[in-house]
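Beneath this line is the structure, given in structure tokens, with notes to follow.
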Amino acid sequence: MRFVIEKRDNKSKAMAFAVPVVSFIVSLLLGAIVLAASKVNPFEAYGAMINGAFGTARRFQYTIVESIPLLMCGLGVGIAFRLKFWNIGAEGQYIWGAIGITWVMQFWKFLPVTMLLPVGLVVGMALGAVWAGVPGFLKAQWSVDETLTTLMLNYVAIGFAEYLYFNIWKAPLGNMGTPEFPQAAWLPSIWGKVHSGLYIALALVVILWFMLYKTRWGFELNMIGKNPKAARYQGVSIKRNIVLAMLISGAICGLAGSMNTAAIAHRLTKGVDGGYGFTGIIIAWMAGLNPFASIIVAVVMAALTTGAGQLQIAMKLPESMGAVLQGLVLIPLLAGSIFTEHKLKLIKKEAI
Amino acid sequence: MNDNTQQIPVVRMENITKHFPGVLANDNVSLELYPGQVLALLGENGAGKSTLMNMLVGLYRPDSGTIHVRGQLAEIHSPQDSMALGIGMIHQEFMLVGNMTVAENIVLGLKDLPLVPKIPEIRARITELSKRYGLQVDPDAVIHDLSVGEQQRVEILKLVYRGADILILDEPTAVLTPGESRDLNKILKKMLGEGKSAIFITHKMDEVIEFSHKVQVLRRGKTVNICDTKDVTPQDLANMMVGRDILFSLDRCPFNPGGVKLKVDHVVVENPSGPRPVLDDVSLEIHRGEIVGIAGVAGNGQQQLTEVITGLMRCNKGKVYIDGVDMTNTTPLNVIKAGVSHIPADRGAMGVVGDMSVGENLAMKKYRTNEISKGMVMKRSFMRSFADKLIKAFVIKTPTQDTSVKFLSGGNIQKTILAREIDSCGGILIAVYPSRGLDVGATEAVRQNIIAQRDRGNAVLLVSEELEELQMVADKIAVMFEGRIMGIRNVKETNTEELGMMMAGAVPTRRNA
Chain A
4 MRFVIEKRDN KSKAMAFAVP VVSFIVSLLL GAIVLAASKV NPFEAYGAMI NGAFGTARRF
64 QYTIVESIPL LMCGLGVGIA FRLKFWNIGA EGQYIWGAIG ITWVMQFWKF LPVTMLLPVG
124 LVVGMALGAV WAGVPGFLKA QWSVDETLTT LMLNYVAIGF AEYLYFNIWK APLGNMGTPE
184 FPQAAWLPSI WGKVHSGLYI ALALVVILWF MLYKTRWGFE LNMIGKNPKA ARYQGVSIKR
244 NIVLAMLISG AICGLAGSMN TAAIAHRLTK GVDGGYGFTG IIIAWMAGLN PFASIIVAVV
304 MAALTTGAGQ LQIAMKLPES MGAVLQGLVL IPLLAGSIFT EHKLKLIKKE AI
Chain B
2 MNDNTQQIPV VRMENITKHF PGVLANDNVS LELYPGQVLA LLGENGAGKS TLMNMLVGLY
62 RPDSGTIHVR GQLAEIHSPQ DSMALGIGMI HQEFMLVGNM TVAENIVLGL KDLPLVPKIP
122 EIRARITELS KRYGLQVDPD AVIHDLSVGE QQRVEILKLV YRGADILILD EPTAVLTPGE
182 SRDLNKILKK MLGEGKSAIF ITHKMDEVIE FSHKVQVLRR GKTVNICDTK DVTPQDLANM
242 MVGRDILFSL DRCPFNPGGV KLKVDHVVVE NPSGPRPVLD DVSLEIHRGE IVGIAGVAGN
302 GQQQLTEVIT GLMRCNKGKV YIDGVDMTNT TPLNVIKAGV SHIPADRGAM GVVGDMSVGE
362 NLAMKKYRTN EISKGMVMKR SFMRSFADKL IKAFVIKTPT QDTSVKFLSG GNIQKTILAR
422 EIDSCGGILI AVYPSRGLDV GATEAVRQNI IAQRDRGNAV LLVSEELEEL QMVADKIAVM
482 FEGRIMGIRN VKETNTEELG MMMAGAVPTR RNA
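Laid out in structure tokens, this is it:
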């Protein structure tokens, strides 16, 4: 008897679903080893995490709130990833969204207070789009490597935001952070901590799913991602679509940043570079770039973060253990993705 | 060769069966090869020839069946195993490192190579082997400076250097000029004299006759016939291969061209890295209801000419007109909208998206139209019935329309492209090497479809390396050499000699016309 790995004649739909699920279970097992090595009972630790993430209404709300920017960043980078355009600059685009809304809130005094929020969100989207559009344009026009440009621009954005909230935009009282936004311009709550950004995120899921799977544009993106030469030969403009996809990608990440700022911190301050943009990359990948699957993945990743707080309180483990567990999610997934295109076949040796 | 049957075969494959997803690639196939013999393995694309040989060199494992080498049961798990048994294969795509020398390539991957190889010894051995078999190659030449024929010699040397005495050649002449093919034949003859033997995968009948002692014909994974080469004619072999009579001449309407459809006017494409332009003052007119063939050795500007017309490549000077409208350096989309269909030379890299389904690939031209979309929204149900219609009309062999194109055989990938381009053709068809690498049945289908376009009043530009194909299909033939058009002739008023001279760069003086 022996096993052989054989190519499937089609991508298996069942496997596309099973692989992430099984990978996640494997990552829990790997996490258990890490936890056991830290001298805690893995079952208790996971129990504490589940309790921390979903145990009370308030904790559940926190988890949802945390998952909203993750979901949006995942959706944003996912669009670029369809083109095999490696936008790892979601963090910077998110920060520009936060800067954009702060700018409107703080300085656009000519606007009525009720208009601050919608205008701020739009400006945040626009700045995010520009920040992503630049690497897109550089790639389309001169084939400048986008992994470098998008990554580097993150640090420019982080540095610039620091400059703003430590220096020129700083509130007169206190040593960092801009003044708080007027309360009437906060993103309204819909259930305790959960803010109405949830509706925007979910609407975006539906819109993107439709755009990517049902429209001609989605079909074109798919062609470019899988064979750019063939796409060009079929009359699809690659340059135009790279820039367009990056503008949309950046706009969504920017919206995530401006929305989250208007909902939670209500000002630009330390912690705006919370890593949502980077975790968004994992989410897009785990969800197989599928917008609906991204919802589940975003909630799981958020739960790992919020649950880690409880890990600290109940098990006396460092909170960074949550980040370790998040990272472990990706490894089995990447290893397991071979099974969507291949199958394991058992061959019984025949008597000769 | 009756005495051969007294000997022990060097290779005996018995009742080999191999499944691939959705395909039975080899169904109970047996094969015997005797010392000093060339066995031709003949069959259409997807008949299972390459699969069978890949099992002999350990790239695949048979699902069932046994392999004996020199009378011994052999378990071949990898190319290393087969090499140890003296079996070596030369694949269609050469496996050479372009920026390394011949000698380096030959010893690359040798297990007993010392940390610091003794280059002079290796070079001496290579020189000795190349003298022995007439495989002239400079051991110090860098691979990407060599012609395709020379690279193939390096591949043969690589195997001989490793002590292979059973050679498997997968379509070895597909990339060679006629002269190089003759050299290859001589080299093989010398090796056979020393008791080596060879298996030759091909679908060209004349090669079977020229090279082999015995021929085994495969069809859809099964052996159809095994016979001595001297007892068969090309026509017999063709019939065995496809299981029906082949038309060697094609039906067509009388030549009755209409107005000018496509006009290429003094087009120049500069070459920044070479001595002469890629396209040098090329002018050409194609009328409605006319097939203009472009003859020439590959790499003389044919492909660039088609890419300038289709908007994929910019030209530096000159004009392209479609229906009298200036379409010079416009976008590929505008060219498509002007009704131009294009069967590209590189079908895998450009013609299809391998990871998308057959249905989606068929829709890649028409997805912008009402046949498949309503406004910006694509209708899956429209696409499904559209694809089913084309799969049926063009007899594309695929398990379902949801199968990824990359799982189809070369011939069926080409049929997919052909179906899409012919269905969407709006006046001009540009076909570049459309029958390259296809078997007799598929080639015939391609040619008949091209002629049907002409009969329907479309203008056709056909680029081909085979003069015979052009003479069979085209109305006029333009010959390209070093980026220039050497001359344009009516098929009926020219002959192979004249065209051949022009292909070699000579401008023949015309007989009173």
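These protein sequences, in sequence, are chains A and B. Its first residue numbered 4, the first sequence is counted upward by one per residue in the working numbering. Its first residue numbered 2, the second sequence is counted upward by one per residue in the working numbering. The beta-carbon is built from N, C-alpha and C at its ideal position, and this holds for glycine as well.
Give me the DSSP bridge partner(s) of residue i.
i: B/M96; result: Looking at the DSSP assignment, B/M96 forms no beta bridge with any residue, so it has no partner.
i: B/G44; result: B/L219
i: B/T67; result: B/E15
i: B/K318; result: B/V269
i: A/W194; result: A/V197
i: B/Q73; result: B/V70
i: B/G488; result: B/V480
i: B/C228; result: B/V216
i: B/D171; result: B/I202
i: A/T218; result: B/V378
i: B/K264; result: B/E286 and B/Y322
i: B/G294; result: B/L463 and B/I478
i: B/V433; result: B/V464
i: B/S358; result: B/S405
i: B/M90; result: B/I169
i: A/I161; result: Per DSSP, none; premise fails for A/I161.
i: B/D327; result: B/Y322
i: B/Y102; result: Reading off the sequence shown, one finds Thr at residue 102 of chain B, where the question assumed Tyr. BP columns for B/T102 point to B/V143.
i: B/L238; result: Beta-bridge pairing links B/L238 to no other residue.
i: B/I344; result: B/A432
Starting from the C-beta of residue i, find all residues in its chain whose C-beta is less than 6 angstroms away, skip the five residues before and the five after it, and write them out in chain order.
i: A/S30; result: L331, V332 and P335
i: A/G339; result: V22 and S26
i: B/I9; result: G72
i: B/P140; result: V103, A104, R124 and I127
i: B/R154; result: L136 and V138
i: B/D456; result: C254
i: A/N263; result: P72
i: B/L170; result: I91 and F201
i: B/H20; result: D64
i: A/G139; result: I245, V246 and M249
i: A/G90; result: The amino acid occupying residue 90 of chain A in the given sequence is Asn; Gly does not appear at that position. Excluding residues within five positions, the ones whose Cβ falls inside 6 angstroms are V80, A83, T153 and S252.
Rounded to the nearest angstrom, how far is the Cβ of residue i from that of residue j, given a contact under 8 angstroms?
i: B/V270; j: B/C316; result: 5 angstroms
i: B/R448; j: B/S436; result: 7 angstroms
i: A/L271; j: A/A101; result: 6 angstroms
i: A/P253; j: A/G131; result: The sequence shown places Gly at residue 253 of chain A, not Pro. Indeed they touch by this definition, with Cβ atoms about 4 angstroms apart.
i: B/Y61; j: B/S198; result: Not confirmed; about 22 angstroms, so no contact.
Counting only the same chain and skipping the five closest in sequence on each side, list residues whose C-beta sits under 8 angstroms from that of residue i.
i: B/V354; result: E361, N362, M365 and V406
i: B/M314; result: V270, Q305 and E308
i: A/Q329; result: T282, I285, M304, L307 and T308
i: A/Y359; result: Since the displayed chain A opens at 4 and closes at 355, residue 359 of chain A lies outside it and no answer follows.
Might you give, ordered along the chain, the residues of its own chain that have their beta carbon closer than 7 angstroms to the beta carbon of residue i, omitting 5 neighbours on each side?
i: B/Q472; result: V492
i: B/R348; result: I414, Q415 and I418
Report yes or no: do the stretch 134-142 of chain A and the stretch 106-123 of chain A share at least 3 C-beta pairs separated by less than 8 angstroms? no
Residues of the stretch 164-194 of chain B with Cβ closer than 9 angstroms to any Cβ of chain A, in chain order: none
Counting beta carbon pairs with one atom in the stretch 189-203 of chain A and one in the stretch 270-278 of chain A, are three or more of them shorter than 8 angstroms? no
Which residues, taken in chain order from the stretch 371-388 of chain B, show a beta carbon closer than 7 angstroms to some beta carbon of chain A? S374, M377, V378 and M379
Any chance the stretch 280-299 of chain A sits against the stretch 50-58 of chain A, with 3 or more Cβ pairs inside 8 angstroms? no
Positions along the stretch 356-367 of chain B whose CB lies within less than 9 angstroms of some CB in chain A: D356, M357, S358, E361, N362, A364, M365 and K366
Could you check whether the stretch 69-77 of chain A touches the stretch 237-254 of chain A, counting it as contact only if at least three pairs of C-beta atoms, one from each stretch, sit closer than 8 angstroms? no
The stretch 408-416 of chain B in contact with the stretch 388-399 of chain B per 3-pair CB rule at 8 angstroms: yes
Residues of the stretch 294-313 of chain B with a CB closer than 9 angstroms to any CB of chain A: list them in chain order, please. T311, G312 and L313
For the structure I just gave you, are there three or more beta carbon pairs, one from the stretch 278-288 of chain B and one from the stretch 482-500 of chain B, closer than 8 angstroms? yes
Spell out a yes or no on whether the stretch 214-222 of chain B and the stretch 161-178 of chain B are touching, meaning 3 or more CB-CB pairs, one atom from each, closer than 8 angstroms. no
Contacting positions in the stretch 318-347 of chain A - beta carbon closer than 8 angstroms to chain B: none
Touching or not, the stretch 29-36 of chain B and the stretch 77-89 of chain B, by the rule of three or more beta carbon pairs under 8 angstroms? no
Give a yes or no on contact between the stretch 288-296 of chain B and the stretch 318-333 of chain B, applying the rule of three or more CB pairs nearer than 8 angstroms. no
Members of the stretch 156-184 of chain A near chain B, C-beta cut-off 9 angstroms: none
Taking a Cβ distance cut-off of 9 angstroms, strictly less, list which residues of the stretch 327-346 of chain B are near chain A, in chain order. T332, P333, L334, N335, V336, I337, K338, H343 and P345
Contact between the stretch 255-269 of chain A and the stretch 93-108 of chain A (3+ Cβ pairs under 8 angstroms): yes
Mind the definition here: the stretch 142-153 of chain A touches the stretch 210-230 of chain A only if three or more C-beta pairs lie below 8 angstroms; say whether that holds. no
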